[in-house]
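**Student:** Okay, here's the structure, questions in a sec.
There are 2 protein chains.
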Amino acid sequence: MAFMAKALFPVTSELAINKRRLLRDLNAISRIGIGDHGSVTRLVFSIKELRSRQLLIHLMRQAGLKIHVDRIGNIFARWNGHNPKAPAVLAGSHLDTVVQGGKFDGPVGVIGALEALRTLKENKVPLRCPVEVVCFVGEESSRFGYSTLGSSLVAGEVQIEDLTHAVDAHGTKLEDILASMGIYRDNLASLTRDPSTIKAYLELHIEQGPILETKGKKIGLVTSIAAPTRFKAVFTGQADHSGTTPMEMRKDALVAAAKLITYIEEVCREFSAVEKGRIVGTVGAMKIEPGVMNAVPGKVELSIDIRSITAEAKDRVASQVKDRAAEIARARDIDVEILPIREELPVPLNEELLLLTKHICDQNGIAYEVMPSGAGHDAMQMAKITRAAMIFVPSKRGISHNPSEWTEPEDICLGSQVLLETMIRLANDEG
Amino acid sequence: MAFMAKALFPVTSELAINKRRLLRDLNAISRIGIGDHGSVTRLVFSIKELRSRQLLIHLMRQAGLKIHVDRIGNIFARWNGHNPKAPAVLAGSHLDTVVQGGKFDGPVGVIGALEALRTLKENKVPLRCPVEVVCFVGEESSRFGYSTLGSSLVAGEVQIEDLTHAVDAHGTKLEDILASMGIYRDNLASLTRDPSTIKAYLELHIEQGPILETKGKKIGLVTSIAAPTRFKAVFTGQADHSGTTPMEMRKDALVAAAKLITYIEEVCREFSAVEKGRIVGTVGAMKIEPGVMNAVPGKVELSIDIRSITAEAKDRVASQVKDRAAEIARARDIDVEILPIREELPVPLNEELLLLTKHICDQNGIAYEVMPSGAGHDAMQMAKITRAAMIFVPSKRGISHNPSEWTEPEDICLGSQVLLETMIRLANDEG
């Protein structure tokens, strides 16, 4: 909390971002990869995604920033301030999207940071250290099932084994794409950034959830990023004719699955009510065999996703769910198999930075909510090598990864403005 | 029960079917349309199904029977007996199959009847009336979603409206196929058979359920054929991000669906325990949107199939299920829509014929089970125009509509033998 006690560099409340320019550039990005119903599809390393990065570089050049693109395509645009050798304040996000996603998940953080930096530079705001806008490659897992690719590489967090199995729907291997860019198993480490060159990482992002809207807050300040435990439960009973098999002779895998689905909701609701750490549990996908109207389901596969901001709560719920799956199967004399998919640890963000952003909101009379992030972000990776903070702006009806994803332009501008203030304070903090 | 009291024509217990020939011909039929893992696919009006009918006609010709093929392709092979003008005893089933079905569902009843008739003819058994083997077209609903097509036409039970919507997966209309055979809306009635020309209809069939095997019985005598009520329940909640949407803010359509699935099992088990009429209820298929691991399901469609041998029980359970669906939706503040698919009435089979077949089994020391049929059969339609009876043989593990469908050759032969005895008694009954 060093900066709180110290005298801060000039108070910057008169300094305002250029809203028109911010929204114009955000629009320009969102037109790349636009499809039905205003959906946006820019899968990592697709031609659309590359084009969005080219446009970003163009905008960065126009702003007169010093640009560095690393081997995988992460873009860093820098303004040096008074002390080019000092560790830099980084701010950014990503431009890649899910299939038929929205316009805001990612670009708001990149263009919001760019606009803040442009404002600093134009107004020649004196800064004690460099400030950088960063655009990370491949934050979404949609193409290769691997999320926060670019930031994981920068943070030195990529496991070789994970990349080996990363293949897209057309059979293209992530490893082959990386090889075409000169990135191999034995030089992966060359992409990491020396933590001593970074002072902090800030990420502006849409909430992708309903909390800010529900509570009528404009800004969310993130305490920590929840991590998912993902696994499949596969119930195997016996497929039978739906007309000829009496109820008492059935081994219906779907009824077993249904019992687990309702249990997951129950246990997560209970824990959320009792525990501090919020827990969410979801069955989002199912596979039913044979899956026809006139057959008792013989095999059902459930995809289960459990998230929390505390590892203990998550582990406890996950193991309760697994126990219950076994219990249900035993009681019905069928089989169940648990197939692990991914297990990650929740990531706490920096408390000092949280206090700073709270302070800024308080000073400017902005209604904010201190909250966890249910979704993963590049900040998860950057938090491993530097102090990291996230600023959320509201998502209409909480919808994201969907063409209906929407954030009010005013809210985006406010987010970028809070980012600007935070960048200034951090860049001029002596800590 | 006329025939029970009367002096019967010669007792025929010395007369035995030719097991080798029966099994040889059954094998020959099952080789047509054979695929992976011994599966059999002969969809109605496919080249494979037509070829199986050609083979049947060849076998009927070899047996010296008088063959009549009606316009849609139902095959009738007749041996006249002493009184060619008398109403005939019909026995048969179908040769078409589901996609990747088994070797026995249908052909056992056709070849089993043919073998019985061949045995009668070879042994010049004196019969008071004609006996016919019949092969009905299109008993399975797999291609056009319309079941017992051929027997429905013979019984005059086809509703024009049903055929209008019958289209296969490739867009081929059933109506167009019928038109190519000279069958139009205004001459459908020409396919019906005058009920006065039929004395009774007998159908030998595999059980397609586990009851005979479980009870260690070789023969099932069917009291009535259960009918399905089929409908869809479509729950519409709200698709949300699985990480960012707190449990208490969700409108998860899948949890609602899961609650209905467990209720259907519960209510059917209760009714089966209390009511005479056995009830079965199944959710065999589901559609989940968006159906991805990291999204709370916004829309779920359940295919529900409820069957019973009494219409009252079925209606009561169906309406309880619908009520509960509405209740679940109301409690969770989501929507539910019920889309009817098909509603049929259970069909009781003939009590006199049931007594006759029981008598035959008793006389021959055959362990039989008097039972309802959960699955639909051509006998359902024939029962509307004549006295009908069904004889079941055991299905291994109750499996049907599956390459693993299996009935012991000995059991098939026994079924054909019981059919033979029943045909003789009926043909010589004065009633």
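Top to bottom, those sequences are chains H and L. Under the working numbering, the residue at position 398 of the first sequence is numbered 860, and the numbers go up by one with no gaps. Under the working numbering, the residue at position 402 of the second sequence is numbered 864, and the numbers go up by one with no gaps. Just so you know, even glycine gets a beta-carbon here, dropped at the ideal spot from N, CA and C. Note that this is a predicted model, so its numbers are computed, not measured.
1. Are the C-beta atoms of G743 of chain L and some chain H residue less than 9 Å apart?
2. Please go through the same chain and pick out, in chain order, the residues whose beta-carbon is closer than 7 Å to the beta-carbon of E872 of chain L, but skip the five residues on each side of it.
3. In the DSSP assignment, find the beta strand (DSSP E) that holds D797 of chain H and state where it starts and stops.
4. Alpha carbon to alpha carbon, what distance is there between K677 of chain L and T559 of chain L?
5. For P808 of chain H, decide whether its Cβ has a neighbour in chain L, counting only Cβ atoms nearer than 9 Å.
6. Mapping the DSSP letters down to three states, classify E751 of chain L as helix, strand or coil.
7. Please work out which residues of its chain come closer than 8 Å, Cβ to Cβ, to G705 of chain H, disregarding the five sequence neighbours upstream and downstream, and give them in chain order.
8. Can you name the start and end residues of the alpha helix (DSSP H) that D624 of chain L belongs to?
9. Spell out whether any CB of chain H is found under 9 Å from the CB atom of V473 of chain L.
10. According to DSSP, simplified to helix, strand and coil, what is H530 of chain H?
11. Could you check whether the stretch 596–614 of chain H touches the stretch 539–559 of chain H, counting it as contact only if at least three pairs of C-beta atoms, one from each stretch, sit closer than 8 Å?
12. Report yes if the C-beta distance between G571 of chain H and A837 of chain H is below 9 Å; otherwise report no.
13. Tell me, please, whether the stretch 735–751 of chain L touches the stretch 646–665 of chain L by the rule of three or more beta-carbon pairs shorter than 8 Å.
14. I'd like to confirm the pairing. Which residues does DSSP put opposite R769 of chain L in its beta bridges?
15. A553 of chain H and L579 of chain H: beta carbons closer than 9 Å?
16. Using the DSSP secondary-structure output, state which residues sit across from Y663 of chain H in a beta bridge.
17. So, D767 of chain H versus G746 of chain H, is the Cβ gap smaller than 9 Å?
18. Count the other C-beta atoms from every protein chain shown that fall within 10 angstroms of the C-beta of Q843 of chain L, then say buried if there are 16 or more, exposed otherwise.
19. Can you tell me which of H:D777, H:C875 and H:N826 puts its alpha carbon nearest to the alpha carbon of R483 of chain H?
20. Leaving aside the five residues before and after K528 of chain H along the sequence, list all residues of the same chain whose C-beta is less than 6 Å from its C-beta, in chain order.
21. Are G753 of chain L and M748 of chain H close, meaning C-beta to C-beta below 9 Å?
22. How about the stretch 825–841 of chain L and the stretch 692–706 of chain H: do they share at least three Cβ pairs that are nearer than 8 Å?
23. Quick check: what's the CA-CA separation for S642 of chain L versus S652 of chain L?
24. Need the endpoints of the alpha helix (DSSP H) that C591 of chain H sits in, please.
25. Please classify E476 of chain H as buried or exposed, where buried requires at least 16 neighbouring CB atoms within 10 angstroms.
26. Closer than 8 Å, Cβ to Cβ, to anything on chain L: give me those residues from the stretch 656–676 of chain H, in chain order.
27. Is the CB-CB distance between V783 of chain L and L722 of chain L below 9 Å?
28. For W541 of chain H, which residues does DSSP report across the bridge?
29. Nearest to A841 of chain L by alpha carbon, out of L:T610, L:A791, L:E710 and L:G644?
30. Counting Cβ pairs, one atom from each stretch, are 3 or more of them under 8 Å apart for the stretch 799–806 of chain L and the stretch 514–527 of chain L?
31. Does any CB atom of chain L fall closer than 9 Å to the CB of K721 of chain H?
32. Kindly identify the DSSP beta-bridge partner or partners of E831 of chain H.
33. Taking DSSP as the reference, what is the three-state secondary structure of G571 of chain H?
34. Name the residue from L:H530, L:A525, L:K510 and L:P592 whose alpha carbon lies nearest to the alpha carbon of D891 of chain L.
35. Where do the N-terminal and C-terminal ends of the alpha helix (DSSP H) with F733 of chain H fall, by residue?
36. So that I know if they touch, is there some Cβ in chain L lying closer than 9 Å to that of T724 of chain H?
**Tutor:** According to the structure shown:
1. Closer than 9 Å: yes.
2. Closer than 7 Å at Cβ, skipping near neighbours: no residue.
3. Element bounds for D797 of chain H: D797 to E805.
4. Distance between the alpha carbons of T559 of chain L and K677 of chain L: 27 Å.
5. With its beta carbon at least 9 Å from every one in chain L, P808 of chain H lies outside the interface.
6. Reduced to three states, the DSSP call for E751 of chain L is strand.
7. For G705 of chain H, where only same-chain residues beyond five positions count, the Cβ hits under 8 Å are N756.
8. It spans I622 to T626 - the alpha helix (DSSP H) in which D624 of chain L sits, taken as one unbroken run.
9. At V473 of chain L, the pLDDT of 43 sits below 50, so the modelled position is not reliable; the number obtained from the coordinates is stated separately. V473 of chain L is outside the set of residues whose beta carbon lies under 9 Å from a beta carbon in chain H.
10. DSSP, reduced to helix, strand and coil, places H530 of chain H within a strand of the structure shown.
11. Flag = yes, the stretch 596–614 of chain H and the stretch 539–559 of chain H touch.
12. In this structure, G571 of chain H lies away from A837 of chain H, with their beta-carbon atoms at least 9 Å apart.
13. The stretch 735–751 of chain L vs the stretch 646–665 of chain L: no contact.
14. DSSP lists L:P690 and L:V742 as partners of R769 of chain L.
15. With contacts defined as CB atoms closer than 9 Å, A553 of chain H and L579 of chain H qualify as a contacting pair.
16. In DSSP, Y663 of chain H forms a bridge with H:L552 and H:A850.
17. For D767 of chain H and G746 of chain H, yes; Cβs fall inside 9 Å.
18. Result: buried.
19. Comparing Cα-Cα distances from R483 of chain H to each of H:D777, H:C875 and H:N826, the minimum goes to H:C875.
20. Close CB contacts of K528 of chain H within its chain, under the 6 Å cut and outside five residues either way in sequence, are with R540 (chain order).
21. Yes; because the gap between Cβ atoms is below 9 Å, this pair is in contact.
22. Segments in contact, yes.
23. Spanning the two alpha carbons is a distance of roughly 16 Å.
24. Per DSSP, C591 of chain H lies in no alpha helix (DSSP H) segment and is marked neither H nor E.
25. Answer is exposed; the Cβ neighbour count stays below 16.
26. Against chain L - using a Cβ distance shorter than 8 Å - the residues of the stretch 656–676 of chain H are E669, Q670, G671, P672, I673 and T676.
27. Between V783 of chain L and L722 of chain L, the C-beta spacing is below 9 Å.
28. Bridge partners of W541 of chain H: H:V593.
29. Shortest Cα-Cα distance from A841 of chain L to any of L:T610, L:A791, L:E710 and L:G644 involves L:T610.
30. These segments do not touch.
31. True, the Cβ-Cβ gap to chain L drops below 9 Å.
32. DSSP output for E831 of chain H lists H:G682 as bridge partner(s).
33. In this structure, G571 of chain H counts as helix in the three-state DSSP scheme.
34. When each option's Cα is compared against that of D891 of chain L, the closest is L:P592.
35. Segment A715 to V736, the alpha helix (DSSP H) holding F733 of chain H.
36. Closer than 9 Å: yes.
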